[in-house]
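Taking it in order: structure first as structure tokens, then the write-up.
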Amino acid sequence: MRILVIGRGGREHAIIWALKRSEKVKQVYCAPGNAGTALLAENVAIGEFEFDQLVQFALDNAIDLVVVGPDDPLAAGIVDAFEAANIPVYGPRKNAAEIEGSKIFMKNLLKKYGIPTARYETFSDYETALAYLRGQPLPIVIKADGLAAGKGVTVCFTREQAEQALADAMVNKSFGAAGDKVVIEEYLEGQEMSILAFVDGETVRPMSPAQDHKPVFDGDKGPNTGGMGTYSPLPHIPQSIVDDAIENIIKPTARAMVAEGRPFRGVLFAGLMITKDGPKTIEFNARFGDPEAQVVLPRLKTDLVDIILASLNGRLNEIDIAWSDEAAVCVILASEGYPGSYAKGLPIEGLDRAGDALVFHAGTAVKDGRIVTNGGRVLGVVGLGGDIAAARDKAYEAANRIAFEGKMNRTDIAAKALV
Ligand code: AMP
Ligand code: GLY
């Protein structure tokens, strides 16, 4: 098969790595890719939003399957564009990707179908939102409605912080049009867990759970990022809680999307808080997580191509999905300054000294024949081992051998799972 993967991050590098383990795969292209995807696939210099050019490339190169990584082209209808040209494509259509593209759509869907989530109100007018906010207890959570690269959510512990976050979204337009509307929601206390699932209509095949670390600094300090590190599985979380989330959140959501005439096909990703009243939904994403994909896919024993093809043929219910007993830990190496502004083009040393750790590239590029930094999150270093401790040691050992100016990483990824 000839496969085209859309995207340029660590997630897409991990997807390509998993696809290439399949004997069915002959050639993979990645548009636009990064320096890491170029090691496994042929990079194609077409951006994620150039739908006409991407479709033309797929037609010209006899592509058998397109796999879409990131959220924003999905929300913009990239799947509909490939389907219109009769090209097999894996991912949700625009009307189903809205579960991630609009937090208001998602919250209203969950409310309508009685699916557990935080209490909330939505606003399109700043003054009304401010008046409501002033009557709410702290902490409180303010969310831009639209996509904001994982940064549109502020958990506020003081009044000043809350009013600032609201003004940033609605008045200062820090997230552009994504902040025209906001959700103000109840703060949920507990441990977070991500459950990703392969979904086709009402059929749900859950993946092994993972945990992300969103804030930029150790101890969950500092602003939220796209994710600074992940691990899977979660040995300290009982299976009964995972099952509760699958039965009471993910499956009912898949059924709700069918009932709404927006059947979901692709990877549905539930961000959950395990509260004292059980798991509740924080968010839904319409794609693999980044860096959740980097720890979940290396543990997938079933052929990823078989899972995707079964979904496209309406046969996902016939597939059993097997996971390796190994644990995986991913440590993100980021550029100093991220999630704010940061330098680019700095040479990366030590990529050949990672041993048997996996190194998935995110913001990297090739300049004058050298691999250089090209983004906020630069690399995801993944250790695999018999348990979380072993996987973690391996990830950090390799991460410490890689160097670039301004390299920054959290030192407490997966620490919660060790106690
Ligand atoms: P999101 O971008 O929606 O995943 O939110 C980013 C992060 O904000 C989440 O991973 C949580 O850590 C935190 N968060 C979002 N909503 C809530 C909530 N209702 N209560 C507590 N924390 C939240
Ligand atoms: N790591 C969180 C996300 O991909 O949204």
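In my numbering, the protein residues as written are -5 to 413.
Think of the CB as a built atom: it goes at the ideal place given N, C-alpha and C, for glycine as much as any other residue.
Any beta strand (DSSP E) of 3 or more consecutive residues that is wholly inside the stretch 166 to 254: 176 to 180, 185 to 194, 197 to 200, 209 to 211, 215 to 218, 223 to 226
Any non-hydrogen atom of the ligand GLY within 8 Å of Arg404 CB: Taking the first residue of the sequence shown as position 1, residue 404 is located at position 410. Not under cutoff, so the answer is no.
Local Cβ density within 10 Å of Glu42, reported as buried at 16 or more and exposed below that: Here the question's residue 42 lines up with position 48 in the sequence shown. That one is buried.
Span of the beta strand (DSSP E), counted from its first residue to its last, around Val376: In the sequence shown, residue 376 corresponds to position 382, counting from 1. Residues 371 to 379.
CB of Ala39 within 9 Å of CB of Ile81, strictly: Locating residue 39 in the sequence shown gives position 45, where the first residue counts as 1. Locating residue 81 in the sequence shown gives position 87, where the first residue counts as 1. No, the pair does not count as a contact, with Cβ atoms beyond the cut-off.
Contact under 9 Å by Cβ, Ile301 with Ile240: Walking along the sequence shown from the start, residue 301 turns up at place 307. Walking along the sequence shown from the start, residue 240 turns up at place 246. Ile301 places its beta carbon 9 Å or farther from that of Ile240.
Cβ neighbour criterion (16 or more within 10 Å) applied to Ser226: In the sequence shown, counting from the first residue as 1, residue 226 sits at position 232. Buried is the call here.
CB-CB length for Ile276 against Thr296, believed under 8 Å: In the sequence shown, residue 276 corresponds to position 282, counting from 1. In the sequence shown, residue 296 corresponds to position 302, counting from 1. For a cut-off of 8 Å, the C-beta gap from Ile276 to Thr296 is around 28 Å, too long to register as a contact.
Unbroken alpha helix (DSSP H) run spanning Val62, endpoints: To locate residue 62, count along the sequence shown from 1; it is residue 68. Per DSSP, Val62 is not a residue of any alpha helix (DSSP H); the beta strand (DSSP E) it occupies stretches across 59 to 62.
Residue interval of the alpha helix (DSSP H) (run including Ser305): The residue given as residue 305 occupies position 311 in the sequence shown. It spans 298 to 306 - the alpha helix (DSSP H) in which Ser305 sits, taken as one unbroken run.
Cut-off 6 Å between Cβ atoms - residues of its own chain near Phe263, not counting five sequence neighbours on either side: If you number the sequence shown from 1, residue 263 lands on position 269. Correct list, in chain order: Leu190, Asn279, Gly283.
Three-way DSSP call (helix, strand, coil) for Ile109 in this model: Mapped onto the sequence shown, residue 109 falls at position 115. Coil, per DSSP.
Three-state secondary structure (DSSP) of Leu327: Working through the sequence shown from its first residue, we reach residue 327 at position 333. The answer is strand: DSSP assigns Leu327 an E or B state.
Beta carbon of Ser329 nearer than 9 Å to that of Gly380: As a first step, residue 329 must be located in the sequence shown, where it is residue number 335. As a first step, residue 380 must be located in the sequence shown, where it is residue number 386. Result no, Cβ atoms of Ser329 and Gly380 do not sit closer than 9 Å.
C-alpha distance - Ile57 paired with Gly146, whole-angstrom precision: As a first step, residue 57 must be located in the sequence shown, where it is residue number 63. As a first step, residue 146 must be located in the sequence shown, where it is residue number 152. So the two alpha carbons sit approximately 35 Å from each other.
9 Å Cβ cutoff met for Ile326 and Gly4: For the purposes of this step, residue 326 is identified with residue 332 of the sequence shown, where counting begins at 1. For the purposes of this step, residue 4 is identified with residue 10 of the sequence shown, where counting begins at 1. In contact: Ile326 and Gly4 (Cβ atoms closer than 9 Å).
Simplified DSSP state of Gln21, which is helix, strand or coil: For the purposes of this step, residue 21 is taken as residue 27 along the sequence shown, with counting starting at 1. Strand.
Simplified DSSP assignment, three categories, for Thr275: For the purposes of this step, residue 275 is taken as residue 281 along the sequence shown, with counting starting at 1. Strand at Thr275.
Contact test: Glu286 Cβ vs the ligand GLY heavy atom, cutoff 8 Å: The residue labelled residue 286 in the question sits at position 292 within the sequence shown. Result yes, Cβ under 8 Å from the ligand GLY.
Contacts around Lys245, its chain only, beta-carbon distance under 6 Å, and the 5 residues preceding and following it disregarded: Taking the first residue of the sequence shown as 1, we reach residue 245 at position 251. Closer than 6 Å at the Cβ level, and outside the excluded window around Lys245, lie Val198.
C-beta contact flag for Ala337 and Ala393 at 9 Å: Position 343 of the sequence shown, counted from the first residue, corresponds to residue 337. Position 399 of the sequence shown, counted from the first residue, corresponds to residue 393. Not in contact: Ala337 and Ala393 (Cβ atoms no closer than 9 Å).
Counterpart residues of Ile268 in DSSP-defined beta bridges: On the sequence shown, position 274 is the one that residue 268 refers to. The partner list for Ile268 (beta bridge, DSSP) reads Gln185, Pro273.
9 Å Cβ cutoff met for Lys88 and Val73: Here residue 88 is taken as the residue at index 94 of the sequence shown, counted from 1. Here residue 73 is taken as the residue at index 79 of the sequence shown, counted from 1. Yes, Cβ-Cβ distance for Lys88 and Val73 is below 9 Å.
Helix, strand or coil at Arg395 [DSSP, three-state]: If you number the sequence shown from 1, residue 395 lands on position 401. Reduced to three states, the DSSP call for Arg395 is helix.
Selected residue, minimal CA-CA separation from Ala32, among Leu48, Trp11, Val49, Ser16: Position 38 of the sequence shown, counted from the first residue, corresponds to residue 32. Among Leu48, Trp11, Val49, Ser16, the Cα nearest to that of Ala32 is on Trp11.
Euclidean distance between Cα positions of Gly30 and Ala123: On the sequence shown, residue 30 is found 36 positions in, with the first residue counted as 1. On the sequence shown, residue 123 is found 129 positions in, with the first residue counted as 1. Their Cα atoms are separated by approximately 44 Å.
Whether Ile178 touches Val135 by CB criterion (9 Å): Residue 178 sits at position 184 when you count from the first residue of the sequence shown. Residue 135 sits at position 141 when you count from the first residue of the sequence shown. Taking 9 Å as the Cβ cut-off, Ile178 and Val135 qualify as a contacting pair.
Residue range of the beta strand (DSSP E) that includes Tyr114: Position 120 of the sequence shown, counted from the start, is the residue given in the question as residue 114. Going by DSSP, Tyr114 is part of the beta strand (DSSP E) stretching over 114 to 117.
Buried or exposed by the 16-neighbour rule on C-beta atoms within 10 Å, applied to Lys215: As a first step, residue 215 must be located in the sequence shown, where it is residue number 221. Looking at its Cβ environment, which holds fewer than 16 other Cβ atoms inside 10 Å, Lys215 is exposed.
CA-to-CA distance, Pro67 to Lys105, given in whole angstroms: Position 111 of the sequence shown, counting from 1, holds the residue named residue 105. Position 73 of the sequence shown, counting from 1, holds the residue named residue 67. Our two residues, Lys105 and Pro67, have alpha carbons roughly 27 Å apart in a direct line.
Nearest-angstrom Cα separation, counted from Ala125 out to Ser202: Residue 202 sits at position 208 when you count from the first residue of the sequence shown. Residue 125 sits at position 131 when you count from the first residue of the sequence shown. Cα to Cα, the separation comes out at about 42 Å.
Contact check, Val193 vs Val261, beta carbons under 9 Å: In the sequence shown, the residue the question calls residue 193 occupies position 199. In the sequence shown, the residue the question calls residue 261 occupies position 267. Against a cut-off of 9 Å, the Cβ pair of Val261 and Val193 comes out as a contact.
Asn89 - DSSP class collapsed to helix/strand/coil: Start at 1 with the first residue of the sequence shown, and residue 89 comes out as number 95. The answer is helix: DSSP assigns Asn89 an H, G or I state.
Residues of its chain near Lys401, where Cβ-Cβ distance is below 7 Å and the 5 sequence neighbours each way are ignored: Position 407 of the sequence shown, counting from 1, holds the residue named residue 401. The residues are Leu327.
Beta-carbon gap between Leu141 and Gly85 smaller than 9 Å: For this step, residue 141 is matched to residue 147 along the sequence shown. For this step, residue 85 is matched to residue 91 along the sequence shown. The criterion of a C-beta distance shorter than 9 Å is not satisfied by Leu141 and Gly85.
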